[in-house]
Amino acid sequence: MKILWLELAEEDLDSIYRFYAEKNSGNFASRIYNQILDAADDLIHFPQMGPIEWNLSEKGEEYRSLLVRKYFKIIYFIEDDYIYIAAIWDCWQNPYTNISKVK
């Protein structure tokens, strides 16, 4: 299995980093950033470890989610030998905003 980050997910990850670097510190932001990357890497060995994200059932893919640090969700789907990271949700945000961003 290989992981491919979609553009939205990369933008989400960068936004999360910038927000926490501005509000806290670069070290704190780096820790969150790296924990999200590490969790995504775990999917290589256990791709179906995240439950199906039923809120996205009408989007055409079987999206799954993996919770990181209780406040972030990695939204992904599996196709052939690839795990596509579609988005990173900040669980503090309005869930409908997060859902509407996923294609």
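Under this note's numbering, the first residue of the sequence shown is numbered 60, with each subsequent residue one higher. Glycine is no exception: its CB is placed at the ideal position from the N, C-alpha and C atoms. These numbers were taken from a predicted model, which means no experiment stands behind them.
- Here R128 is exposed: its Cβ has fewer than 16 other Cβ atoms, across all protein chains shown, within 10 Å.
- In terms of Cα proximity to L102, the closest of C150, Y141 and E81 is Y141.
- Partner residues in the beta bridge of W64, as assigned by DSSP, are I144.
- Put simply, the region 109 to 122 touches the region 132 to 152. At least three CB pairs are less than 8 angstroms apart.
- Per DSSP, the continuous beta strand (DSSP E) segment holding L125 begins and ends at R123 to V127.
- In the DSSP assignment, the residues bridged to Y135 are R123 and I144.
- One alpha carbon belongs to K82, the other to Y76, and they sit about 10 angstroms apart.
- Assignment of I103 by DSSP, reduced to helix, strand and coil, places it in the coil class.
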